[in-house]
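Each protein sequence line maps, in turn, to chains Y and X.
Here the first sequence stands for residues 1 to 312, numbered as in the working numbering.
Here the second sequence stands for residues 1001 to 1312, numbered as in the working numbering.
Where is the CB? At the ideal position from N, CA and C, for every residue including glycine.
What follows is one structure encoded as structure tokens, with my remarks underneath.
Protein chains: 2
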Amino acid sequence: MSILVVGSVALDTVETPFTKMESVLGGAASYFATAGSLYDQVNLVGIVGSDFPQEHLDFWHDHNIDLTGLQIEEGKTFHWHGRYHMDMNSRDTLDTQLGVFGDFHPVVPEVYRESELVFLANIQPDLQLEVLDQMPANRFTVLDTMELWINITRPKLEEVMKRVDVLLMSEEEVRQFTGQASIPAGVNELYKFGLKYIVVKLGSYGALLYGADGTYFSAPAYPLEEVVDPTGAGDSFGGGFMGYLSQTRPDAQGRYSIDDLKRAVVHGNILGSFACSTFGIDGLRVLTMEHIIARYRDLVRYSHFEPNGITR
Amino acid sequence: MSILVVGSVALDTVETPFTKMESVLGGAASYFATAGSLYDQVNLVGIVGSDFPQEHLDFWHDHNIDLTGLQIEEGKTFHWHGRYHMDMNSRDTLDTQLGVFGDFHPVVPEVYRESELVFLANIQPDLQLEVLDQMPANRFTVLDTMELWINITRPKLEEVMKRVDVLLMSEEEVRQFTGQASIPAGVNELYKFGLKYIVVKLGSYGALLYGADGTYFSAPAYPLEEVVDPTGAGDSFGGGFMGYLSQTRPDAQGRYSIDDLKRAVVHGNILGSFACSTFGIDGLRVLTMEHIIARYRDLVRYSHFEPNGITR
């Protein structure tokens, strides 16, 4: 199978309490594609400027990422500058320069329309809708978003929600969107948009999978001694989640089994943990499937317990 | 086997954003004993005043709780008055009246010295030491504590830590005690006191078990639609944890298997969840082992995933 992703490709300046790096490869689609390509071919839709380093394109080209849908325009690549607080959980955006991204309209190449899986990374809902309009309606589609779009363009975001299968949200975003303090109550409101599944990302506490069919699954986080740089963790989660799904076979109606969805969430957590382990996107670039499988086996050991409840 | 607990027995006034109840049965030892007695006999060491309702004593007497070690003195029972904030996670203590608890010195009855398991609930470290001095040294002992004792009587608390097997702490307490932002780094410092295991309570995110032998286990929380009253959740966790251990058989050196410790943490989370489901201690009073087993089975379903990582 193959996975289509639309999202930002950026050159970031990232500051943590310990390090600062300038013009490093960033953007939601970059993290997603680098993570997802460990499992299967990723078809990238996005835009970069004429300043975008060729080495990044070469790396992707050599690593199972199709760049037919990546527009390269005269001008500057999207630039984000952020600074993490001491706790590494919260951050401030110090600067955003849209560059060529300001006039971006995604174009899905004919060959990408065969992609069985679609990931709408965290960009304006308007652009996410433009991609959905260019794709066949029956693709298994996952939506990521952020606080900004909930605040400034909620009606458009709701339009997108009505047209996707799975929504990824942090627990703060669920509370913000629904006004419910309780996550289960918030999730119940989100089902009204026709979503089949909602994945609630809990950061260092793992992730929860809720299904409109009553599914509930709590996936453990991969324990890290140290979080070096959480940038891109959510996008890498998406790459692991959809990458794993691309290895499985949906039924005739395009539905994935609950066992496969559970494993996909675990893979999402694993790829998110690798993204946090090193600065920038580097942690994902050196990964192999063996590294992923090793963490998967660790997580089985770290979270499973004997299914019989009492010995007496 | 039987479990000895020393701790507070109180009459609480508890306010949540939705309810207020006065003079309800409270105190760490009350929650622990009520939870633990669902598994095995609990031997209670504590003190109440002459105002303590006979009905509570009758209930415990009829439910596998030995009250030989409960002193009943002329005067007022310990009284705590707290108010929860809207998020139900944080709370303010509005009033504390020590009453007869102010002059309390625990006396362990001869017959209690046979207890194979000892739980030092959250009281002054001085009193916890008095109990340890009255017990044989080889009992499997679990210590609970709170921010207050870390702040005002840390050297005594460290003395207790050196004499127990397991420490229960919330993640905030680990950070406060060790000054480490990272929980794994904080836990590594706690091992210096000779602890065999550290259980880090994560509230609605579950609990982590760390072992000096390298053990790591992440136990899922039981998902609740609504938290009615979190009072006593940590003490009830202790009751489920030690209650389950009392059903198992340690090896000749008194060590529990890692599989049993994992299951004990899961039982802890389950009893904590029942404590949160209703106001005060009522949720625990109507429980049977069937209720507990049902939640245990739910948690297996909610958290286990197929152990093979990838299908291809």
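Residue state for tyrosine 1197/X is assigned as strand, using DSSP reduced to three classes. Closer than 7 Å at the C-beta level to chain X, one finds no residue of the region 147 to 177 of chain Y.
In the three-state reduction of the DSSP assignment, isoleucine 292/Y falls in the helix class, which pools H, G and I. Not a single C-beta of chain Y is nearer than 8 Å to the C-beta of histidine 1291/X. Its Cα nearest to that of threonine 1288/X, the residue Gly1036/X stands out among Gly1036/X, Asp1012/X, Gly1026/X.
Taking 7 Å as the cut-off between beta carbons, the residues of the region 202 to 218 of chain Y near chain X are Leu202, Tyr205, Tyr216, Phe217, Ser218, in sequence order. Straight-line spacing of the CA atoms in glutamine 1253/X and glycine 1211/X works out to 17 Å. For glycine 49/Y, the three-state secondary structure derived from DSSP is strand. In the structure shown, glycine 1243/X adopts helical secondary structure according to DSSP, grouped into three states. In this structure, Leu1011/X is the residue among Asp1051/X, Tyr1031/X, Leu1011/X with its C-alpha nearest to the C-alpha of tryptophan 1080/X.
Apart from sequence neighbours up to five positions away, the residues of its chain that approach methionine 146/Y with a beta-carbon distance below 8 Å are Asn122, Glu173, ordered along the chain.
Within chain Y, no residue has its beta carbon less than 7 Å from that of proline 1230/X; the closest one is some 13 Å off.
Under a 10 Å Cβ-count criterion, threonine 141/Y is classified as buried, with 16 or more other Cβ atoms of the shown protein chains found around its own Cβ. Judged by beta-carbon spacing, glycine 46/Y lies beyond the 8 Å limit of glycine 232/Y, meaning their Cβ atoms are not closer than that value. Around glutamine 1176/X, the same chain offers Glu1147, Ile1150 as residues with beta carbons nearer than 7 Å, after the five sequence neighbours per side are excluded.
Cβ-Cβ distances below 8 Å link leucine 1067/X to Leu1044, Leu1057, Trp1060, His1061 in the same chain, with the five nearest sequence neighbours on each side left out; the list follows chain order.
Using a Cβ-Cβ cut-off of 9 Å, glutamate 1189/X is close to nothing in chain Y; its nearest Cβ partner there is about 13 Å away. DSSP lists Met21/Y, Gly82/Y as the beta-bridge partner residues of valine 14/Y. Using a 10 angstroms sphere on the CB of methionine 86/Y, the tally of other CB atoms stays under 16, which defines it as exposed. In summary, asparagine 138/Y is exposed, with fewer than 16 beta-carbon neighbours lying within 10 Å of its beta-carbon over all protein chains present. Under the DSSP assignment, phenylalanine 140/Y falls in the beta strand (DSSP E) whose first and last residues are 140 to 144.
For aspartate 1126/X, the CB contacts under 8 Å within the same chain, skipping 5 residues up- and downstream, are Thr1153, Lys1156 in chain order. For the options Val1014/X, Asp1235/X, Phe1101/X, the alpha carbon positioned closest to that of threonine 1093/X is the one of Val1014/X. Cα atoms of glutamine 134/Y and serine 50/Y: separation of roughly 26 Å, rounded to the nearest angstrom. For threonine 215/Y, the closest of Met169/Y, Ala29/Y, Val187/Y by C-alpha to C-alpha distance is Val187/Y. Taking a cut-off of 8 Å for Cβ pairs, the region 1109 to 1123 of chain X and the region 1242 to 1249 of chain X touch, as three or more such pairs fall below it. Counting other Cβ atoms within 10 Å of its Cβ, threonine 1077/X reaches 16 or more and is therefore classed as buried.
Distance from the CA of arginine 297/Y to the CA of aspartate 40/Y, rounded to the nearest whole angstrom, comes to 21 Å. Contact check for glycine 1069/X against valine 1100/X fails: the beta carbons are separated by 8 Å or more.
Here isoleucine 1183/X really is in contact with valine 1200/X; their C-beta atoms are around 6 Å apart, less than 8 Å. Residue pairing from DSSP places alanine 1207/X in a beta bridge opposite Lys1201/X, Ala1219/X.
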